Amino acid sequence: MVTRRNFLNLSVGAALSVFPPAIRRALAIPANTRARTIADVQHIVILMLENRSFDHYFGTLRGVRGFGDRHPVPLASGKPVWHQADGEREIPPFRLDSRSTRALRIPTTPHTFNNAQAAWNQGSFGNWPKFKTPVSMGYYRREDIPFQFALAEAFTICDAHHCSVTTGTDPNRIVFWSGSNFDPARRQQGENCTAADAEVNNLRCQVSGTLPTPGYSYQGSAFNWLTIPEVLERAGISWRIYQDPNDNWTGLMHGALAFSSFRNAKAGDALYEKGMSQGSIRDLALDVRNGTLPRVSWILPPMLWSEHPAPSSPPQGAEFTARVLDALTADPTVWAGTVLFLSFDENDGLFDHVPPPAPPSYNLDGTLAGKSTLDLRGQYFADPERKYLHPEDGASGTVRPWGLGPRVPLYVISPWSSGGWVNSQVFDHTSMGRFLEKRFDIIVPAISPWHRAVCGDLTSAFDFANPNVEPFPQLPAVGDSAALIAKISTRPAPAPPAIPEKLFQEPGMRRSRALPYELHVHSRVEYREGKLYLEFHNSGRAGVVFHVYDKLHLDRIPRRFTVEAGKHLEDEWLFKADDGRYDLWVIAPNGFVREFRGKARFDDVAHVEVRLQYDPSGQSVRLMARNRGTQRVELSIRANAYREDGPWTAQVPVDGRAEHSWSVIASHQWYDFTVVSDQFERRFAGRMETGDPGFSDPAV
């Protein structure tokens, strides 16, 4: 493992000698650290590419939540989430091998609302390749996409960044440019939107015609809430969209085209001149050199350079990204104060295994599968006539939560985020707007309270006080990507292997940013009621979604619980019909797991509950057991990872308590313990946050 210490011991002078001139110039100037806060950021540049999922790109990357995930959610079959099926056979993830196939130019896969909802299955997954085609399970390794891996190694990769909506391009880019894809006025009134006042599939941004003449022709009704460019314009903050308005996938990459303000803009208007006119990478480079780079810039790639599965490709997206980096680093004083966010709008149909945080779904009987500490009215899409739902999608009714969607890559590229970090806080496209809010003291009014509670503002991805000083790694060559793609196009198409491949993830840890989470889930068995109660407590600084899978009833929609910072919820599960048995699997961000399994005997002889407590100052965790029964209970405790000692026993007297604590220093604050009695089993796993940076899960 490369540590910070031996990073710093590298010969910076020798390392710099191999970098391109533009990067050498940038590294010669330290990060802007006048205030040592976000105020040092002078320019925010946002490049959104097309249609890749996190697992598809980085499931094999060391130190992220990928194919080595120790806690994959279960399918209805009881197997882990990797065992997706196409209706006839299982098709687990498989490598898109660029050495022998045309894997770098895979076809696009289905990615509209109906098939996306059916594949997600309200959190139950199971039939991803059935609704998305078998190629959706394909992924790359480091050798296949070296530039993308090098960016992740050089800067910060976010492995809990989700697209905002479980559907395609338009809805997600509308969120990206405004904060919402559904009318915030109706949401504020507690009314769920329909397709008349929300973007479900690609419609409103898809234009015909050309600019400047004869002009665009639009589809669908226009939206009227404020876009982020309008918020910036009203606040006097400079901005620009760099694009070819006639090569932006017929408008689909420009989410602001859904709004009346942009549709009605004329030559000479600010929205037209800054947001609809021509602006190439050459123009970006000139603005950098001339000192006229706006405070906020969006970059829209041409179709062939967008990284979208066919007609584009990873090498073409890499070459375009390299051009952007060359432009931004042409003046090192500009780069010293610049943040480049490189994101993707949605996942195409490509598989990702992490269940997206979302408001609770509705069961078929109309009840809500979960709860929330904030009002969820207006956070759903109503499709009473099932115009937008797949005929085979019967998991829920016709009211569906808007988001979040699958994970998509997000690189945070700046002098304050270099060094190969991972950030595992939950983000989505609204997070970009909230970063702008944080930097410029503005408000993006369309962002919902639910998104503000659950999705971070991206500031945790940076160290403004003490910027990294690691040398910039040498990035792979990316020139002439079009010729490379033409060369490999004659190779056979990739296909799932006849014998499923063993899942692979690179070994090793990655430095990890501190997270705002401090979560607890406590159980309480009430034998006479025949119920198990779970209490969800959030004593951290950010809201969170807990997912609960009932392993005895995996045909049911998983329950989801949104718990704001400083709040708690409680829910109950009946176990009488299961002869006293229960088995609940709870997950939350960054490997947080709790498992509650047992068989109630419907008496008061033994009645013990176990809780885990954190001691950040002492860097330890403590298991606390309390006996409310009438008989002494012996507990056995074992470590499932991170330790080689144990097991341990604890005697819990009648009406008494017992405790046991362990240091988590050696495991970088990660823990995983199981407590067993003759009636139950409890598992506690995750990472204790201390407020300081740490490392990714060393047990992966």
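The numbering of the sequence shown is the numbering used here, which starts it at 21 and goes up by one. Virtual Cβ for every residue (Gly too), placed ideally from N, Cα, C. What you are looking at is a predicted structure, and each value in this text was computed from that prediction instead of being measured.
- Beta bridge pairing from DSSP links F202 with A218.
- Here T358 carries a strand assignment [DSSP, helix/strand/coil].
- N71 sits in coil when the DSSP states are folded into three classes, being neither helix nor strand.
- With a threshold of 16 other beta carbon atoms within 10 Å, S451 meets it and is buried.
- A direct Cα-to-Cα measurement between G586 and S559 gives close to 5 Å.
- When only Cα atoms are considered, A59 and L394 end up about 32 Å apart.
- Of the candidates S184, Q239 and L291, the residue whose Cα lies closest to the Cα of I248 is L291.
- DSSP places D603 in the strand class (E or B) of the three-state scheme.
- Across the structure, D203 and L304 are spaced so that their CA atoms are roughly 33 Å apart.
- Between the alpha carbons of N268 and V227 lies a gap of roughly 10 Å.
- The C-beta distance from G275 to R193 rounds to 3 Å, short enough to meet the 8 Å contact threshold.
- Closest option to N647, judged by alpha-carbon separation, among P469, V628 and S640: V628.
- DSSP, read as helix, strand or coil, puts P329 in strand.
- The DSSP-derived three-state label of R420 is strand.
- Per the Cβ contact rule, the segment 147 to 158 is in contact with the segment 100 to 111 (3 or more Cβ pairs under 8 Å).
- DSSP places I177 within a strand segment (E or B) once states are collapsed to three.
- With distances taken between CA atoms, K619 lies nearest to D698 out of A645, A659, E555 and D698.
- Between P421 and P379, the C-beta spacing is below 7 Å.
- Taken atom to atom, the span from the alpha-carbon of K458 to that of D477 is near 8 Å.
- In terms of CA proximity to P130, P329 leads the group P329, R82, N486 and V65.
- Here R72 is buried, its C-beta having at least 16 other C-beta atoms within 10 Å.
- Under a 10 Å Cβ-count criterion, S97 is classified as exposed, with fewer than 16 other Cβ atoms of the shown protein chains found around its own Cβ.
- Per DSSP, G235 lies in no alpha helix (DSSP H); the unbroken beta strand (DSSP E) holding it starts and ends at G235 to S237.
- When DSSP states are grouped into helix, strand and coil, H688 belongs to the coil group.
- One alpha carbon belongs to P314, the other to F87, and they sit about 40 Å apart.
- A straight-line Cα-Cα distance of about 17 Å links G299 and K286.
- It is roughly 38 Å from the alpha-carbon of G143 to the alpha-carbon of V672.
- The beta-carbon distance between N222 and G188, rounded to whole angstroms, is 6 Å. This is short enough to meet the 8 Å contact definition.
- H573 sits in coil when the DSSP states are folded into three classes, being neither helix nor strand.
- Inter-segment contact for the segment 512 to 526 and the segment 115 to 128 is present: three or more beta-carbon pairs are separated by less than 8 Å.
- Around the beta carbon of D368, a 10 Å sphere encloses 16 or more other beta carbons of the protein chains shown; the residue is thus reported as buried.
- Between T186 and W245 the beta-carbon gap is near 21 Å, outside 8 Å, which marks them as no contact.
- Counting along the chain, no beta strand (DSSP E) covers T341; the unbroken alpha helix (DSSP H) around it starts and ends at P334 to L348.
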